[in-house]
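**Q** These protein sequence lines map, in sequence, to chains Z and P.
FYI, the numbering for the first sequence is 1 to 142, going by our numbering.
FYI, the numbering for the second sequence is 143 to 545, going by our numbering.
C-beta: ideal position from N, C-alpha, C; glycine also.
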Amino acid sequence: MYSKKVMDHFKNPRNMGEIEDAKGVGTVGNAKCGDIMRMYLDIDENGVIKEAKFKTFGCGAAIATSSMATELVTGKTVQDALKVTNRAVMEALDGLPAVKVHCSLLAEEAIHAALWDYAKKNGIVIEGLKEPVEDIEEIEAV
Amino acid sequence: MKRLIYLDNAATTRLDPEVFLKMQPYFTEFYGNPSSIYQFAQKSAGVVEEARVELASAIGAKPQEIYFTGGGSEADNWAIKAAAEAYQEKGKHLITSKIEHHAVLHTFEYLQRQGYDVTYLDVNEDGIVDLEQLRASVRPDTILISIMAANNEIGTIQPVAKIGEIAREAGVLFHTDAVQAFGHIPLDVEEMKIDLLSASAHKIHGPKGVGFLYARKSVKLSSLIHGGAQERGKRAGTHNVPGIAGFAAASKRAREKMIETMEKETRLRDYLISRVEEEIPFTVVNGHRTSRLPNNAHFCFRFIEGESMLILLDEAGICASSGSACTSGSLDPSHVLLAIGRPHEIAHGSLRLTLSEQTTKEELDFVVEELKKTIERLRNMSPLYEDFLKKEAKEDAPCIAKK
Ligand SMILES: Cc1ncc(COP(=O)(O)O)c(C=O)c1O
Ligand code: FES
Numbered sequence: 001m002y003s004k005k006v007m008d009h010f011k012n013p014r015n016m017g018e019i020e021d022a023k024g025v026g027t028v029g030n031a032k033c034g035d036i037m038r039m040y041l042d043i044d045e046n047g048v049i050k051e052a053k054f055k056t057f058g059c060g061a062a063i064a065t066s067s068m069a070t071e072l073v074t075g076k077t078v079q080d081a082l083k084v085t086n087r088a089v090m091e092a093l094d095g096l097p098a099v100k101v102h103c104s105l106l107a108e109e110a111i112h113a114a115l116w117d118y119a120k121k122n123g124i125v126i127e128g129l130k131e132p133v134e135d136i137e138e139i140e141a142v
Numbered sequence: 143m144k145r146l147i148y149l150d151n152a153a154t155t156r157l158d159p160e161v162f163l164k165m166q167p168y169f170t171e172f173y174g175n176p177s178s179i180y181q182f183a184q185k186s187a188g189v190v191e192e193a194r195v196e197l198a199s200a201i202g203a204k205p206q207e208i209y210f211t212g213g214g215s216e217a218d219n220w221a222i223k224a225a226a227e228a229y230q231e232k233g234k235h236l237i238t239s240k241i242e243h244h245a246v247l248h249t250f251e252y253l254q255r256q257g258y259d260v261t262y263l264d265v266n267e268d269g270i271v272d273l274e275q276l277r278a279s280v281r282p283d284t285i286l287i288s289i290m291a292a293n294n295e296i297g298t299i300q301p302v303a304k305i306g307e308i309a310r311e312a313g314v315l316f317h318t319d320a321v322q323a324f325g326h327i328p329l330d331v332e333e334m335k336i337d338l339l340s341a342s343a344h345k346i347h348g349p350k351g352v353g354f355l356y357a358r359k360s361v362k363l364s365s366l367i368h369g370g371a372q373e374r375g376k377r378a379g380t381h382n383v384p385g386i387a388g389f390a391a392a393s394k395r396a397r398e399k400m401i402e403t404m405e406k407e408t409r410l411r412d413y414l415i416s417r418v419e420e421e422i423p424f425t426v427v428n429g430h431r432t433s434r435l436p437n438n439a440h441f442c443f444r445f446i447e448g449e450s451m452l453i454l455l456d457e458a459g460i461c462a463s464s465g466s467a468c469t470s471g472s473l474d475p476s477h478v479l480l481a482i483g484r485p486h487e488i489a490h491g492s493l494r495l496t497l498s499e500q501t502t503k504e505e506l507d508f509v510v511e512e513l514k515k516t517i518e519r520l521r522n523m524s525p526l527y528e529d530f531l532k533k534e535a536k537e538d539a540p541c542i543a544k545k
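(1) Between P:Phe182, P:Ile201, P:Gln206, which has its C-alpha nearest Glu191 (chain P)'s C-alpha?
(2) Smallest Cα separation from Gly491 (chain P): which of P:Glu511, P:Thr502, P:Ala462?
(3) In this structure, does DSSP put Lys545 (chain P) in helix, strand or coil?
(4) Closest by CA to Asp35 (chain Z), which one among Z:His102, Z:Met16, Z:Lys121?
(5) Can you find a CB in chain Z that lies within less than 7 Å of the CB of Ala473 (chain P)?
(6) Would you check if the distance between the CB atom of Leu495 (chain P) and the CB atom of Leu146 (chain P) is smaller than 7 Å?
(7) Return yes when the Cβ of Gly75 (chain Z) is within less than 7 Å of the Cβ of Lys53 (chain Z), no when it is not.
(8) Give me the chain Z residues within the contact set of Ser524 (chain P), using Cβ-Cβ distance strictly less than 7 Å, ordered along the chain.
(9) On the three-state DSSP scale, how would you describe Ala292 (chain P)?
(10) Give a yes or no on whether the minimum CB-CB distance between Gly47 (chain Z) and chain P is below 7 Å.
(11) With DSSP run on the structure shown, which of helix, strand or coil describes Phe182 (chain P)?
(12) Count the other CB atoms within 10 Å of the CB of His381 (chain P); is the residue buried (16 or more) or exposed (fewer)?
(13) Could you tell me if Tyr40 (chain Z) is buried or exposed, where buried requires 16 or more neighbouring beta carbons within 10 angstroms of its beta carbon?
(14) Does any C-beta atom of chain Z lie closer than 7 Å to the C-beta of Ala371 (chain P)?
(15) Is the shortest distance between the beta-carbon of Ile111 (chain Z) and the beta-carbons of chain P less than 7 Å?
(16) Note down, in chain order, each residue of its chain lying with its Cβ closer than 7 Å to the Cβ of Pro132 (chain Z), except the 5 sequence neighbours on either side.
(17) Are the beta-carbon atoms of Met90 (chain Z) and Leu96 (chain Z) separated by less than 7 Å?
(18) For the segment 78–89 of chain Z, list every residue whose C-beta sits within 8 Å of some C-beta in chain P, in sequence order.
(19) So, does the CB of Met16 (chain Z) fall closer than 7 Å to a CB anywhere in chain P?
(20) Residues around ligand 2, please: the condition is that the C-beta lies closer than 5 Å to some non-hydrogen atom of it.
(21) Assuming Phe445 (chain P) contacts Ser524 (chain P) (C-beta within less than 8 Å), just tell me the rounded distance between them.
(22) Given the structure, does Asn294 (chain P) come close to ligand 1, in the sense that its CB is under 6 Å from one of the ligand's heavy atoms?
(23) Select from the segment 18–37 of chain Z all residues with a C-beta closer than 8 Å to any C-beta belonging to chain P, and list them in chain order.
(24) Please tell me whether Met1 (chain Z) has its Cβ less than 7 Å away from any Cβ of chain P.
(25) Quick one: is Asp150 (chain P) near chain Z, going by C-beta distance under 7 Å?
(26) With distances taken between CB atoms, is the gap from Lys110 (chain P) to His344 (chain P) smaller than 7 Å?
(27) Give me the Cβ distance between Tyr2 (chain Z) and Ala61 (chain Z), rounded to the nearest whole Å; I'm assuming they're in contact under 8 Å.
(28) Closest to Thr558 (chain P) by C-alpha separation, out of P:Ile346, P:Phe441, P:Phe354, P:Ile517, would be which residue?
(29) Answer yes or no: the CB of Asp150 (chain P) versus the heavy atoms of ligand 1, is any distance below 6 Å?
(30) Taking one C-beta from the segment 509–523 of chain P and one from the segment 160–169 of chain P each time, how about it: are there three or more such pairs within less than 8 Å?
(31) Using a beta-carbon distance below 7 Å, is Glu398 (chain P) in contact with chain Z?
(32) Please specify which runs of the alpha helix (DSSP H), each continuous and at least 4 residues long, are wholly inside the segment 198–286 of chain P, giving them in chain order.
(33) Note down, in chain order, each residue of its chain lying with its Cβ closer than 7 Å to the Cβ of Lys185 (chain P), except the 5 sequence neighbours on either side.
(34) Does the beta-carbon of Gly388 (chain P), which I'm using as the reference point, lie nearer than 6 Å to any heavy atom of ligand 1?
(35) Which residues, in order along the segment 58–72 of chain Z, keep a beta-carbon less than 7 Å from a beta-carbon of chain P?
(36) When you compare only the Cα positions, how much space is there between Ala225 (chain P) and Ser365 (chain P)?
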């Protein structure tokens, strides 16, 4: 049911863990199935993501998308990280089964929530970033 | 090949090789249509009627009260829809429980859309229906009570005889979905006052796609499939002769060794449950401790999700199942776990392990070790576990300071 890439990221998750005193931390949940994803970002003074880590309570797809999302945002500027959509994460994983598309939304929203936290802590405005929602069901999958 | 540990016997079982041998001649040798007149077809007709005798005696019924079907779901649908149709003059009220299999629940939902009124009884934390609530729910227009003999997820066995008594006293038909119970625990339609009963072959090392509906002679049973005269004109269609032969062989086999199998499985089940409970922290055991199918163990592990657990167990060669929302397709957690009061996030980490008579202690030891590793690994990934540990640390801090 899952692609090889999904299975690889699920079985060998990249960047799983916490970052102490992270510059941005975001936690999002999904009321549809009850899963939770937390993203930690370490961002330098130039606004470049130095390190990303995650913790996820969820299905195989949720864990794999978290892992892939941390890889995709690492080394990117905050602005570029915003362009890492759930679609981009899914493509990087060679796709997800239809019932699992919402899991990838969790990854996108977790990035946004962590960036929002970073912006708030530093009193900056990140163009195009909206305040994260409590529950990703409020957003439509793209 | 990697070794396979199959602990999903509630989903389906391995066809027993001896049962298979009993089926084989009816594919290639005695392939006649049991409804045909010539002698060659008498072999096929004979084995179907012998099977009816065996299956009837397995539940204390008469052969003419057994109707072959294409499985348990079909028998459930038939029993409920037929009773609703045949007795609608008396009323349109039906009673069932919240923890039935979807073959029963979705049939009742269908009938609700047809204008029937359905009461869904609660169960207690062990998954046992509330008999007082049942008694109080019966109305003058109640025509059917349908309560499963044993639950397919948490393994709880209902007080079937008591339910039968309440139904009989109230003059209401009693149907029981015995798909998980048949061939596993003793059933007797007279002692238990059962009017309709569904069973399926593939849960007892028989073939898939064959089952039966028992309908007491006095029950008005409308036809399920119109066509030929098979099954007293109520379920048309050429018989699945090898399947029916296999069902009877599996039933006979299960019956002969039922006591032995029950004892063996119960011992192993309790060993598994106690090891898991003792060795894996934050574990909840679901289902009744003793009024439970001998082969069923069911847990919730806090802070983790079931699908990821299943995939990791699969990597270790272990076949199991979960009632997690993420595995359900519909993304709803198991209705059974919600009905016994497990909150959403705890229902998430559920695991069902169902043994067979072939399961060994050594296999279970391997499973417990793999389970420990799997759960620890997933908990380390879980933000819920992280929060829990941090909260614990905070609460413990003053005590440590005192020391
Ligand atoms: C309690 C219960 N009822 C009904 C069914 C359906 O039986 P079948 O698969 O033979 O249609 C099952 C099996 O999944 C079951 O466990
Ligand atoms: S996170 Fe629940 S289905 Fe993927």
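**A** Taking the geometry as given:
(1) Within the second sequence, residue 191 (chain P) is the residue found at index 49, counting from 1. Selected option, being the one with the closest Cα: P:Gln206.
(2) Taking the first residue of the second sequence as 1, we reach residue 491 (chain P) at position 349. When C-alpha distances from Gly491 (chain P) are compared across P:Glu511, P:Thr502, P:Ala462, the shortest belongs to P:Ala462.
(3) Translated into positions along the second sequence, residue 545 (chain P) becomes position 403. Any reading at Lys545 (chain P) needs caution, since the residue's pLDDT is 34, under 50, leaving its predicted position unreliable; the model's value is listed next. Lys545 (chain P): coil per DSSP, three-state reduction.
(4) Against the first sequence, residue 35 (chain Z) aligns to sequence position 35. Cα-wise, what sits closest to Asp35 (chain Z) is Z:His102.
(5) On the second sequence, residue 473 (chain P) is found 331 positions in, with the first residue counted as 1. Residue identity differs from the one stated: residue 473 (chain P) is Leu in this sequence, not Ala. Residue contact check for Leu473 (chain P) against chain Z: a CB pair falls below 7 Å.
(6) As a first step, residue 495 (chain P) is located in the second sequence; it is residue number 353 there, counting from the start. As a first step, residue 146 (chain P) is located in the second sequence; it is residue number 4 there, counting from the start. Not closer than 7 Å, so no.
(7) To locate residue 53 (chain Z), count along the first sequence from 1; it is residue 53. To locate residue 75 (chain Z), count along the first sequence from 1; it is residue 75. Not a contact, by the Cβ cut-off of 7 Å.
(8) The residue labelled residue 524 (chain P) in the question sits at position 382 within the second sequence. By Cβ distance, chain Z contributes Lys55, Phe57.
(9) Within the second sequence, the letter at position 150 stands for residue 292 (chain P). Collapsing the DSSP output to three states places Ala292 (chain P) in a strand.
(10) Within the first sequence, residue 47 (chain Z) is the residue found at index 47, counting from 1. Taking CB atoms only, Gly47 (chain Z) has no neighbour in chain P less than 7 Å away.
(11) Position 40 of the second sequence, counting from 1, holds the residue named residue 182 (chain P). Collapsing the DSSP output to three states places Phe182 (chain P) in a helix.
(12) As a first step, residue 381 (chain P) must be located in the second sequence, where it is residue number 239. Burial state of His381 (chain P) is buried, judged by a 10 Å Cβ sphere holding 16 or more other Cβ atoms.
(13) Within the first sequence, numbered from 1, the residue matching residue 40 (chain Z) stands at position 40. With 16 or more Cβ atoms within 10 Å of its Cβ, Tyr40 (chain Z) is classed as buried.
(14) In the second sequence, the residue the question calls residue 371 (chain P) occupies position 229. Not an interface residue.
(15) Mapped onto the first sequence, residue 111 (chain Z) falls at position 111. Using a Cβ-Cβ cut-off of 7 Å, Ile111 (chain Z) does not count as an interface residue toward chain P, since no Cβ of chain P sits closer than that to its own.
(16) Sequence index remark: in the first sequence, residue 132 (chain Z) carries index 132 (1-based). For Pro132 (chain Z), where only same-chain residues beyond five positions count, the Cβ hits under 7 Å are Gly26, Val28, Glu109, His112, Ala113, Trp116.
(17) Within the first sequence, the letter at position 90 stands for residue 90 (chain Z). Within the first sequence, the letter at position 96 stands for residue 96 (chain Z). Taking 7 Å as the Cβ cut-off, Met90 (chain Z) and Leu96 (chain Z) qualify as a contacting pair.
(18) Answer set for the segment 78–89 of chain Z: empty.
(19) Position 16 of the first sequence, counted from the start, is the residue given in the question as residue 16 (chain Z). Under the 7 Å criterion on CB atoms, Met16 (chain Z) is classed as interfacial with respect to chain P.
(20) Matched residues: Z:Cys33, Z:Asp35, Z:Gly58, Z:Cys59, Z:Ala61, Z:Ala62, Z:Cys103, P:Cys468.
(21) As a working mapping, residue 445 (chain P) is identified with position 303 in the second sequence. As a working mapping, residue 524 (chain P) is identified with position 382 in the second sequence. About 5 Å separates the Cβ atoms of Phe445 (chain P) and Ser524 (chain P), confirming a contact at the 8 Å cut-off.
(22) Numbered from 1 along the second sequence, position 152 holds the residue referred to as residue 294 (chain P). Residue side-chain check: Asn294 (chain P) places its Cβ nearer than 6 Å to a non-hydrogen atom of ligand 1.
(23) Of all residues in the segment 18–37 of chain Z, Glu18, Thr27, Lys32, Cys33, Gly34, Asp35, Ile36, Met37 have a Cβ within less than 8 Å of some Cβ in chain P.
(24) Mapped onto the first sequence, residue 1 (chain Z) falls at position 1. So no, Met1 (chain Z) is outside the interface.
(25) By 1-based counting over the second sequence, the position of residue 150 (chain P) is 8. So no, Asp150 (chain P) is outside the interface.
(26) The requested residue 110 (chain P) is not part of the displayed model; chain P covers only 143 to 545.
(27) For the purposes of this step, residue 2 (chain Z) is identified with residue 2 of the first sequence, where counting begins at 1. For the purposes of this step, residue 61 (chain Z) is identified with residue 61 of the first sequence, where counting begins at 1. Contact holds; Cβ gap of about 7 Å.
(28) The structure shown has nothing for residue 558 (chain P), since chain P only spans 143 to 545.
(29) Stepping through the second sequence from its first residue, residue 150 (chain P) is reached at position 8. No, ligand 1 has no heavy atom inside 6 Å of this Cβ.
(30) The segment 509–523 of chain P makes no contact with the segment 160–169 of chain P: fewer than 3 CB pairs, one atom from each, lie closer than 8 Å.
(31) On the second sequence, residue 398 (chain P) is found 256 positions in, with the first residue counted as 1. Residue contact check for Glu398 (chain P) against chain Z: no CB pair falls below 7 Å.
(32) List check, alpha helix (DSSP H) in window: 214–228, 244–255, 273–279.
(33) Working through the second sequence from its first residue, we reach residue 185 (chain P) at position 43. Taken in chain order, the residues that qualify are Phe172, Gly174.
(34) Taking the second sequence and counting its residues from 1, one reaches residue 388 (chain P) at position 246. Gly388 (chain P): no, Cβ never under 6 Å from ligand 1.
(35) Listed in sequence order: Gly58, Cys59, Gly60, Ile63.
(36) In the second sequence, residue 225 (chain P) corresponds to position 83, counting from 1. In the second sequence, residue 365 (chain P) corresponds to position 223, counting from 1. A straight line joining the alpha-carbon of Ala225 (chain P) with that of Ser365 (chain P) spans about 11 Å.
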